[in-house]
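> Protein chains in written order, with the numbering used here: chain C, 13 to 384; chain F, 22 to 493. Ideal Cβ positions, reconstructed from N, Cα and C, are used throughout, including at glycine. Here it is: the structure, laid out below.
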């Protein structure tokens with residue numbers, strides 16, 4: 013792309029807001045942001061995205077939305093997740109940009125959604141402090157991080173893989189690693205790492221998909237293996253249950269946590285989407301309410317009219333994530349949920365929508381392993 | 022306790038003649054709720070209860086063979102079925118309310134669907150069906166000399182019991198299924214679909230008022246799709262033939278339940294298509310809209326995808342949209358469910374974004390999502406089963422259509438078309454693809470009664486033939 017003066021100016025402004033946001037994300041220690049602060053940032057990002065992304069601009073114009081008429085984040089037109097299967101939303105081209113793909117749908121891999129991340133550093137900034145705040149919490153020692161997801165270099169397109177790699181880089185004590193590769197999870201490696209940590213009293217942070225932990229539960233039960241992981245350990249499962257696997261997270265964790273010597277306060281559910289760079293977290297085992305950083309806001313909408321629904325009612329979730337500077341901040345999902353004073357309760361994918369998600373990819377991986 | 026082993030709407034047992042549930046004192050229930058929130062309950066039959074019900078239905082069917090002539094059966098079942106579509110009959114009003122309640126349809130939509138299905142329930146239509154498939158209805162009750170081989174006599178009669186599993190949500194199909202079985206002189210054990218469980222019990226009630234013996238040949242119940250209760254296995258074992266109307270997962274579930282020697286006849290999911298030939302008249306778009314909206318697009322006879330040859334699909338889609346709007350004004354569309362709304366929005370978004378850069382797509386439809394037309398200038402086959410939603414694709418020729426549709430061979434129910442240019446080629450393509458009917462647009466939803474559903478006979482699969490070759 014040739015660099016016209018207008019492009020150069022846009023580029024400068026994008027870099028400026030990216031740097032500004034990254035600093036704000038890194039400085040975050042759990043405080044709430046005012047509506048005014050979120051609105052102001054959302055409007056700035058929206059104006060840049062409107063200018064930089066031709067497809068998004070067309071979409072907004074067809075809905076009568078432009079930066080002159082947007083006064084707050086609630087006015088910003090969200091893009092349906094289905095659109096990510098058809099259009100690359102990007103505000104910039106950068107060396108070192110990332111490409112994440114969704115896990116596919118019932119129509120197969122050709123229908124996977126794409127999310128291009130031109131500003132990888134901003135993504136890094138958006139995920140570290142919330143992980144520290146919601147998952148590591150007041151634990152003062154850096155734990156041993158063990159990921160049950162293959163490293164990003166192996167999958168090449170999984171946002172979860174990239175995120176867990178980065179958390180290992182950012183927070184893991186030496187020895188932290190992924191225990192999975194293309195062929196599946198190396199259970200012996202996982203278990204021997206847990207055994208050493210148990211003996212050396214090093215807290216462990218286990219990270220993987222809900223489906224992978226379910227596979228581990230079955231294995232531990234079958235083999236009669238038990239652990240007594242040191243205090244300060246935590247288990248973070250992600251993905252919930254997708255793809256109609258019939259898996260019950262609560263039941264699975266009720267079996268798994270005692271086998272590891274953990275209690276329910278040491279279980280954290282992570283909620284993330286390929287189309288969103290920020291995550292939400294919930295502590296506990298029974299569909300815990302989720303909370304995220306203040307640069308991510310969520311609305312519950314009526315599925316037919318798309319009007320906001322009052323707190324406490326169920327509807328379709330629509331997220332606005334300021335970390336998505338490189339694509340679009342408003343993402344209209346096909347997920348059902350409810351917001352209360354305790355947080356967001358995720359109620360699963362709408363049954364009419366095709367199942368997908370990172371759980372599915374790992375389920376396939378598990379199936380390969382079990383059959384092989 | 023004296024009612025159909027079947028269904029209660031809002032907890033009220035139907036006041037009806039029917040089959041008593043044996044040992045019913047400690048019965049427990051399956052429950053579901055209809056589109057408009059009414060509770061439906063059906064008894065959870067134990068193995069013994071299911072077995073006693075089967076025995077009672079088999080006994081009634083065998084009694085009816087000697088006690089009723091074919092014409093008495095024909096007359097009784099047709100009269101009972103036609104009551105369901107008679108707006109001046111209390112049963113007809115009940116049927117209309119029932120469909121509205123179950124499916125969330127407007128009363129016009131329910132009336133129109135009942136009127137449509139009743140076309141194949143008249144004595145004339147049923148006689149024509151018998152005539153076209155076996156030639157002579159006397160074969161159903163006695164040995165008749167075979168005109169094709171001298172000295173041979175033939176008779177055709179169904180097994181004493183058939184089991185019909187209706188997974189689908191197409192109203193009327195379970196009633197027609199029972200009617201065909203009764204014509205074959207079989208007793209019917211039926212499991213209806215969760216979305217439309219009520220019309221078959223209502224038919225059995227109507228039949229009970231006309232001929233209690235014939236009504237005792239029908240037992241109908243329902244259970245949740247994921248369940249496989251004792252009755253499932255028992256009825257599968259007791260029946261001489263099992264009919265499944267539903268998707269692959271239902272078929273697999275049924276196969277697991279029935280002994281290998283029991284014949285399984287499957288009516289699987291299929292899709293309806295429309296083709297606009299190069300000389301299609303302008304008003305054909307409105308006919309497409311009419312076919313799409315018939316039965317609220319629940320049947321595979323309604324088209325889901327339209328292919329346009331030699332014209333701009335986007336321009337045509339505007340006319341289809343006008344037709345859809347007119348249909349919505351004529352028959353109020355049901356409110357879409359939350360899940361449908363999400364899937365419709367997703368489909369609309371995908372279509373819109375696919376053409377965002379080059380203007381090659383067009384999305385039409387109101388914001389309440391009650392109908393949707395998704396047009397693509399390029400060819401394609403993507404579509405989703407959603408209410409009053411039709412995909413329109415451009416295609417260069419009938420040859421290209423053959424390449425595109427090749428993978429769907431055997432999965433296409435019917436093709437409606439407009440225009441004459443190339444219709445011979447299109448008809449031959451339909452035959453190669455195993456399409457069971459190709460007809461003019463506007464007639465897709467109302468096939469004649471002797472149409473070969475899925476390209477097969479309808480009564481014949483129920484029958485077992487006996488050839489008698491006496492010593493000359």
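Would you tell me roughly how many angstroms separate the C-alpha atoms of residue 234/F and residue 81/F, rounded to the nearest one?
Going from the Cα of residue 234/F to the Cα of residue 81/F covers about 6 Å.
> Go ahead and label residue 352/C buried or exposed: buried means 16 or more other beta carbons lie within 10 angstroms of its beta carbon, across all protein chains shown.
Per the 10 Å Cβ criterion, exposed.
> Which residues in the same chain as residue 186/C place their Cβ atom closer than 7 Å to its Cβ, once the five residues preceding and following it in sequence are excluded?
Excluding residues within five positions, none has a Cβ falling inside 7 Å.
> Could you give the C-beta distance for residue 276/C and residue 269/C, rounded to a whole number, given that I count them as a contact under 8 Å?
Right, the Cβ-Cβ distance comes to about 6 Å (below 8 Å), so this counts as a contact.
> Just list the residues that DSSP pairs residue 49/F with in beta bridges.
Partner(s): 65/F.
> Under 8 Å, Cβ to Cβ, is there at least one residue of chain C near residue 367/F?
Chain C contact via Cβ: present.
> Taking all protein chains shown into account, do 16 or more other C-beta atoms lie within 10 angstroms of the C-beta of residue 302/F, making it buried, or fewer, making it exposed?
So residue 302/F counts as exposed.
> Using a C-beta to C-beta distance shorter than 8 Å, which residues of chain C count as neighbours of residue 429/F?
By Cβ distance, chain C contributes nothing, its closest Cβ being about 14 Å from residue 429/F, past 8 Å.
> Since residue 174/F is in the beta strand (DSSP E), which residue starts that stretch and which ends it?
Taken as a continuous stretch (DSSP letters only), the beta strand (DSSP E) holding residue 174/F covers 174-178.
> Name the chain F residues whose beta carbon is nearer than 9 Å to that of residue 439/C?
Examination of residue 439/C is not possible in this model, given that chain C is present from 13 through 384 alone.
> Rounding to the nearest angstrom, what Cα-Cα distance links residue 422/F and residue 223/C in this structure?
Approximately 42 Å between the Cα atoms of the pair.
> Shorter than 8 Å from the beta carbon of residue 359/F to some beta carbon of chain C?
True, the Cβ-Cβ gap to chain C drops below 8 Å.
> Helix, strand or coil for residue 255/C per DSSP?
Reliability fails at residue 255/C, whose pLDDT of 42 lies under 50, so the model's placement of it is uncertain and the value that follows must be treated cautiously. Looking at residue 255/C - three-state DSSP - the assignment turns out to be coil, as it is neither helix nor strand.
> Round the Cβ separation of residue 112/C and residue 171/C to the nearest angstrom and send it over; I've been treating them as touching at under 8 Å.
Indeed, because the Cβ distance is near 4 Å, the residues count as touching under 8 Å.
> Which residues in chain C sit within 7 Å of residue 269/F, going by Cβ to Cβ distance?
By Cβ distance, chain C contributes nothing, its closest Cβ being about 13 Å from residue 269/F, past 7 Å.
> Report all residues from its chain with a CB closer than 8 Å to the CB of residue 261/F; omit the five preceding and five following residues, and keep chain order.
If we look at residue 261/F and ignore the five residues flanking it on each side, its Cβ neighbours are 179, 180, 181, 182, 183, 207, 283, 284, 485.
> For a test of the three-state rule: what should DSSP assign to residue 192/C, helix, strand or coil?
Strand.
> Nearest by alpha-carbon distance to residue 438/F: which of 323/F, 65/F, 480/F, 352/F is it?
If we check each option's Cα against that of residue 438/F, 323/F comes out closest.
> Report all residues from its chain with a CB closer than 6 Å to the CB of residue 390/F; omit the five preceding and five following residues, and keep chain order.
Excluding sequence neighbours, residue 390/F sits near 357, 362, 365.
> Note down, in chain order, each residue of its chain lying with its Cβ closer than 7 Å to the Cβ of residue 97/F, except the 5 sequence neighbours on either side.
If we look at residue 97/F and ignore the five residues flanking it on each side, its Cβ neighbours are 228, 231, 232, 235.
> Please determine, among 327/C, 338/C, 27/C, 157/C, the residue with the shortest C-alpha to C-alpha distance to residue 362/C.
Out of 327/C, 338/C, 27/C, 157/C, 327/C has the C-alpha closest to the C-alpha of residue 362/C.
> Residue 425/F touches chain C at which residues, Cβ-Cβ below 8 Å?
Correct list: empty, because the minimum Cβ distance to chain C is about 16 Å.
> So that I know if they touch, is there some Cβ in chain C lying closer than 8 Å to that of residue 389/F?
So, interface residue.
> Would you mind telling me which residues of chain F sit closer than 7 Å to residue 97/C, beta carbon to beta carbon, in chain order?
371, listed in chain order.
> What residue range does the beta strand (DSSP E) around residue 442/F cover?
Run containing residue 442/F: none; DSSP gives neither H nor E here.
> Where does residue 160/C fall in DSSP's three states?
Looking at residue 160/C - three-state DSSP - the assignment turns out to be coil, as it is neither helix nor strand.
> Residues bridged to residue 187/F by DSSP?
Answer is 266/F, bridged to residue 187/F.
> Closer than 7 Å by C-beta to residue 201/C: which residues in its own chain qualify, once you throw out the five before and the five after it? Chain order, please.
191.
> Between the alpha carbons of residue 76/F and residue 322/C, how many angstroms are there, rounded?
Near 55 Å, if we compare the C-alpha coordinates of residue 322/C and residue 76/F.
> Report yes if the CB atom of residue 319/F is closer than 8 Å to the CB atom of residue 432/F, and no otherwise.
Result no, Cβ atoms of residue 319/F and residue 432/F do not sit closer than 8 Å.
> Which of the three DSSP states is assigned to residue 281/C in this structure?
Strand, per DSSP.
> Taking all protein chains shown into account, decide if residue 445/F is buried (16 or more other Cβ within 10 angstroms of its Cβ) or exposed.
Counting Cβ neighbours within 10 Å, residue 445/F comes out exposed, since fewer than 16 surround it.
> Could you pull out every residue in the same chain whose Cβ sits closer than 7 Å to the Cβ of residue 62/C, ignoring the five residues on either side in sequence?
Same-chain partners within the cutoff: 68, 69, 72, 78, 79.
> Just to confirm, are residue 66/F and residue 251/F a CB contact at a threshold of 8 Å?
Cβ atoms of residue 66/F and residue 251/F: closer than 8 Å.
> Please state the DSSP three-state secondary structure of residue 210/F.
If DSSP states are grouped into helix, strand and coil, residue 210/F belongs with the strands.
> Taking DSSP's pairing of strands, which residues face residue 163/F in a bridge?
BP columns for residue 163/F are empty, so no partner.
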